[in-house]
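Here the sequence shown is numbered in our numbering, starting from 1 and rising by one per residue.
Virtual Cβ for every residue (Gly too), placed ideally from N, Cα, C.
Worksheet for the structure shown next.
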Amino acid sequence: MDEAEQTNTDRISTGIDGLDTLLYGGVPINNQTIVAGGPGSGKTLLSFQILYNNAKKGIPGAFIALEERPNSIIKNVKKTFTSFTDIDELIEKETIVVGGEDITTKVDAGSDSEAYSFGNVVSDIESIVKSNNSKCVVIDSISLMKLMLGNLLLYRKSMVALSANLRRLNVTGFLTIELPSTERTAMTFSPEFFIFDGTIVMYQSWEENKRTLNIEVIKMRGSNHSLSLSPYEITTRGFRVFSVSEL
Ligand SMILES: Nc1ncnc2c1ncn2[C@@H]1O[C@H](COP(=O)(O)OP(=O)(O)OP(=O)(O)O)[C@@H](O)[C@H]1O
Ligand SMILES: [Mg+2]
């Protein structure tokens, strides 16, 4: 029996075969994982698919959109994942709840950091999670919070509080974050990578005019995981992660 089989009940599977292989079966239940990547690397789509795959198994989830309107998230995932024909049905049944506060409107309105209440975002998350008893939560993304909160110490404290709140709510969380660079060689570790339990990074690189996509698990508290860098593809039937067989 391999490690994944021994511990599967303690994990939330992502439902993406190659990624579950990298994670030795999935993410430990109640872990909070950062999904980091450059623009367009697929952070929103990947985290939505993890919710979707779990919702298909009857595990309720919440997608909290902080930078795009919920309707635009739903429209985009349906456009990409054309074979996921039951997204609307899962949303109607509230197995998936897509909600959130569009904090970008506050930026547009010129609000300063005092006007922005981090506590409000946390209580909104709590009420969305409680509305369908979510076990799996995506927050897309936490990047803007850094700007809104103004200073790094306050941001760090808020991220520690966010992590503690998600743990208190008994959810397994995936929090997307934008990286300034798409390349692995330019990767730097910002505070979130230390605060949250897990880090998955999505890279893009260009060789001979072709873009290649790769995914890596940097850390996962409470679990062993693969150290491989694995190519991935985004398809109409979801993500394909080509995990290199372990040595
Ligand atoms: N049908 C498709 N087939 C292949 N790739 C697709 C398809 N639809 C979208 N994509 C890819 O998905 C990317 C967008 O994914 P997503 O919105 O999840 O990225 P993101 O990392 O969240 O971006 P951002 O930083 O802008 O929020 C597009 O840039 C494109 O490369
Ligand atoms: Mg996104």
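Query                                                                                                                                                                             : Result
Please determine whether the Cβ atom of Ser141 lies at a distance below 7 angstroms from any heavy atom of ligand 2.                                                              : yes
Does the stretch 153-160 come close enough to the stretch 65-82 that 3 or more CB-CB pairs lie under 8 angstroms?                                                                 : no
Using a threshold of 7 angstroms, is the CB atom of Thr176 nearer than that to any non-hydrogen atom of ligand 2?                                                                 : yes
What are the residues that DSSP puts in a beta bridge with Thr176?                                                                                                                : Val35
Can you give the Cα-Cα distance for Gly61 and Glu94, rounded to whole angstroms?                                                                                                  : 9 angstroms
Classify Val244 as buried or exposed, calling it buried when 16 or more other Cβ atoms lie within 10 Å of its own Cβ.                                                             : exposed
Which full runs of the beta strand (DSSP E) of 3+ residues lie inside the stretch 209-233, going along the chain?                                                                 : 210-220
Three-state secondary structure (DSSP) at Val244?                                                                                                                                 : coil
Counting pairs of beta carbons, one from the stretch 18-29 and one from the stretch 218-231, are three or more of them closer than 8 angstroms?                                   : yes
Measure the alpha-carbon distance for Pro39 versus Leu154 and round it to whole angstroms.                                                                                        : 25 angstroms
Near Leu169, which residues of its chain fall below 7 angstroms by C-beta distance, leaving aside the five closest residues on each side in sequence?                             : Glu126, Val129
Enumerate, from N- to C-terminal direction, the unbroken beta strand (DSSP E) stretches of 3 or more residues contained entirely within the stretch 118-173.                      : 136-140
Quick one: what's Pro191 bridged to in DSSP?                                                                                                                                      : For Pro191, which the question treats as bridged, DSSP gives no partner whatsoever.
Within the chosen definition, does the stretch 7-19 reach the stretch 181-193 through at least 3 CB pairs nearer than 8 angstroms?                                                : no
Would you mind reading off the limits of the beta strand (DSSP E) that contains Ile200?                                                                                           : 198-207
If you drop the 5 nearest sequence neighbours on each side, which residues of the same chain put their C-beta closer than 6 angstroms to that of Ser205?                          : Glu183, Thr212
Taking 8 angstroms as the cut-off, decide whether the C-beta atoms of Val137 and Ile64 are in contact.                                                                            : yes
With H, G and I counted as helix, E and B as strand and the rest as coil, what does DSSP make of Pro70?                                                                           : helix
Excluding the five sequence neighbours on either side, which residues of its own chain have a C-beta within less than 7 angstroms of the C-beta of Ser163, listed in chain order? : Gln32, Ile195, Phe196
Apart from the five residues just before and just after Thr236, which ones in its own chain have a Cβ nearer than 6 angstroms to its Cβ?                                          : Thr82, Ser83
Would you kindly work out how many angstroms separate the C-alpha atoms of Leu144 and Thr9, rounded to a whole number?                                                            : 34 angstroms
Kindly give me the distance between the Cβ atoms of Ile74 and Val98, rounded to whole angstroms, as I take these residues to be in contact under 8 angstroms.                     : 6 angstroms
Keeping to the same chain, check which residues put their C-beta closer than 8 angstroms to that of Asp124; ignore five residues upstream and five downstream.                    : Ile64, Gly99, Gly100, Glu101
What number of angstroms, rounded off, separates the C-alpha of Pro70 from the C-alpha of Asn76?                                                                                  : 10 angstroms
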